[in-house]
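Residue numbers (our numbering), protein chains in the order written: chain C, 12 to 243; chain R, 12 to 243.
Yeah, the Cβ is synthetic: ideal placement off N, Cα and C, and Gly gets one too.
Fair warning: this is a prediction, and the values are worked out from it, not measured in the lab.
Accompanying notes for the structure given below.
There are 2 protein chains.
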Amino acid sequence: MIDKKSGIPLYIQLKDEILNKIDNDIWDIDSQIPTEMELMNKYKIGRATVRQALSILVNEGYLYKKHGIGTFVAGKKPSLGFEPLISLTFSLKQRGITPINFIDKKEIIAIEGHLLKEFRLTKKQDVLYLRRIIYDGNLPLAIEDSYFNKSIIEGEKELDLEGSIAEILLHDLKLNITKVEQIIVPRKADEEERKILKTAGTDKVLELKRWLYIDENEDPYFYLKFVIPSNI
Amino acid sequence: MIDKKSGIPLYIQLKDEILNKIDNDIWDIDSQIPTEMELMNKYKIGRATVRQALSILVNEGYLYKKHGIGTFVAGKKPSLGFEPLISLTFSLKQRGITPINFIDKKEIIAIEGHLLKEFRLTKKQDVLYLRRIIYDGNLPLAIEDSYFNKSIIEGEKELDLEGSIAEILLHDLKLNITKVEQIIVPRKADEEERKILKTAGTDKVLELKRWLYIDENEDPYFYLKFVIPSNI
DNA sequence: AAGTGGTCTAGACCACAAC
DNA sequence: TTGTGGTCTAGACCACTTT
């Protein structure tokens, strides 16, 4: 309960009240919690106070909101080994975001010459190049350039290239990943990136490059680069 | 300037306006920015709107407030976007786990000879070695070996080495991280690891190594290795 | 005492999703 | 149409720091 005379700010008391119900599993994961209106009436407090409490919990990842629907308990999902470490889609879903991947480019290109170093390849190779823009609704979240070993398009399977790439690699292709290398560098967005990502206010982005090795191969099977505004 | 008819929320416009002045160094570090009252009058907006814009920037580490005095530009620019990408504690907390870090070893060691390559160092260096076992309650989750540049123990600050290391690096030390390299390799646990982690059923683990670079330094500031059972 | 940020209320209108 | 969260205003009083 909330005590208006305790001296403790009401929004702190409400925040703790809600946190307890989450921690003690009184509210199920992904279940809707009382609306702002209901919380106002139940505790006889103003809407701004309710929203201040909720915004803290959203910020800390305990709750997520859906505009026009309600407020929900954020879920802890089971892990699949590598998945949380290599999948952007996975990380976003954990925060209540269901990303949409829009395929911008899809073509076969040859990696040779000075490009070999960037791709960490030892010899010339044709790869499937895929550029996707990842959205949360209408909001662009990231630009993703991925390069697959050509063998991926030679299989008979129909691959869902708009889904999670980590899922394709781990579940559909059942690859035996033996090493993942990754570099993250914060930098300024270039002009194209600013245009696509509509970076407002700041033009700082994180650039992440990732190389995936399978079996005992010396060359990576998969190369990924993605750029994401650093305020996401 | 702020356009009330643009359709863009006023607090977003104000936030971006302020962010630009910070990014372009129009306001010095630790200098006071206009008071909430001044911002209200200047842009003809309500106080709640001003506070909403400011609270975002405080939350993201661009500003800090002093009660009864004013609002100020934060000293270092945050690399907060890094947190989910580099912090094990952060990732675990997102899944509802509040890990406990038990310090197993803590000593100064010299990195030289053949070890230099593993640490990606170019010359001999003394480092602070920290081994921690990370628990979820009684269940051991991971073994973590971290190696800090010696300068970390020369500061006057008392560092909470049982908390999140990413938090120390980003929030306490406010390091300007310029690159993160990481390798993940699945392998079999060795005998010591099996003993500590009590790996049940499977003895497969993920080994993650991570190198953190700050400023323009050629050598990494921080080296981390952790081993985690692959069924977690 | 004056000025700052901290908390809180009541009320309004908008945007989005579901029925 | 209804109910949700999103944005915004005007106003009040409190707590803290400096003058």
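Quick check on this structure: which residue in the options has the alpha carbon closest to the alpha carbon of residue i?
i, options, result
"R:ILE111", "R:PRO151, R:GLN136, R:THR133", "R:PRO151"
"R:ILE120", "R:PHE159, R:GLN43, R:GLU229", "R:PHE159"
"R:SER157", "R:LEU50, R:VAL238, R:ILE19", "R:VAL238"
"R:ASP147", "R:THR100, R:ILE122, R:ASP230, R:GLU227", "R:THR100"
"C:ILE207", "C:ARG143, C:MET51, C:ASP137", "C:ARG143"
"R:LYS185", "R:GLN193, R:ILE163, R:GLU204, R:ILE194", "R:ILE163"
"C:LEU194", "C:MET51, C:ILE13, C:ILE122, C:LEU219", "Checking the displayed sequence, the identity of residue 194 of chain C turns out to be Ile instead of Leu. Ranking the options by Cα distance to C:ILE194, first place goes to C:LEU219."
"C:TYR234", "C:ASP137, C:LEU25, C:LYS15", "C:ASP137"
"C:SER98", "C:LEU181, C:LYS76, C:ARG205", "C:LEU181"
"C:ILE176", "C:ILE145, C:ASN149, C:ILE13", "C:ILE145"
"C:ASN149", "C:LYS116, C:LYS209, C:VAL69", "C:LYS209"
"R:LEU172", "R:LYS116, R:ASN70, R:ARG205", "R:LYS116"
"R:ILE13", "R:LYS55, R:ASP34, R:ILE44", "R:LYS55"
Could you check if residue i belongs to the surroundings of the ligand FAD, using beta carbon to heavy atom distance under 7 Å?
i, result
"R:ILE188", "Because no ligand of any kind appears in the structure shown, any question about the ligand FAD cannot be addressed here."
Taking the Cβ atom as the reference point for each residue, do residue i and residue j lie within a distance shorter than 8 Å?
i, j, result
"C:LEU217", "C:PRO197", "yes"
"C:LEU21", "C:THR60", "yes"
"R:LEU141", "R:ILE114", "yes"
"R:ILE188", "R:LEU223", "yes"
"C:GLY72", "C:ALA85", "yes"
"R:LYS215", "R:LYS236", "no"
"C:MET5", "C:GLY57", "Lying outside 12 to 243, the shown extent of chain C, residue 5 of chain C is not represented and no answer is given."
"R:LYS26", "R:ILE67", "yes"
In angstroms with no decimal places, state the Cα-to-Cα distance between residue i and residue j.
i, j, result
"R:GLY174", "C:ARG221", "28 Å"
"R:ASP36", "C:LYS135", "46 Å"
"R:ASP53", "R:ILE29", "Sequence check: residue 53 of chain R is Lys here, not Asp. Distance between the alpha carbons of R:LYS53 and R:ILE29 is about 13 Å."
"R:ILE80", "R:LEU74", "14 Å"
"R:GLU178", "R:ILE154", "18 Å"
"C:TYR232", "R:SER42", "50 Å"
"R:LEU91", "C:SER241", "Model confidence at R:LEU91 stands at a pLDDT of 48, short of 50, so the residue's coordinates are unreliable and nothing is read from them."
"R:GLY124", "R:ASP230", "15 Å"
"C:ASN228", "R:GLU118", "38 Å"
"R:THR8", "R:TRP38", "Because chain R here runs from 12 to 243, residue 8 of chain R falls outside it and cannot be looked at."
"C:LYS32", "R:LEU127", "50 Å"
"R:ASP183", "C:LYS77", "34 Å"
"C:ARG205", "R:LYS161", "39 Å"
"C:GLN122", "C:VAL191", "The residue you asked about is not Gln; residue 122 of chain C is Ile in the sequence shown. Their Cα atoms are separated by approximately 20 Å."
"R:ASP34", "C:ASP34", "39 Å"
"C:ARG62", "R:VAL69", "17 Å"
"R:ILE44", "C:ILE44", "38 Å"
Taking the beta carbon of residue i as the centre, do at least 16 other beta carbons fall within 10 Å, making it buried, or is it exposed?
i, result
"R:THR46", "exposed"
"R:SER17", "exposed"
"C:ILE19", "exposed"
"C:ASP226", "exposed"
"R:ILE40", "exposed"
"C:GLU202", "exposed"
"R:GLN24", "buried"
"R:GLU129", "exposed"
Residues of the region 183-205 of chain R with a CB closer than 8 Å to any CB of chain C: list them in chain order, please.
So the close ones are ILE188, THR189, LYS190, VAL191, GLU192, GLN193, ILE194, ILE195, VAL196, PRO197.
According to a CB-to-CB cut-off of less than 7 Å, which residues of the region 63-76 of chain R neighbour chain C?
ASN70, GLU71
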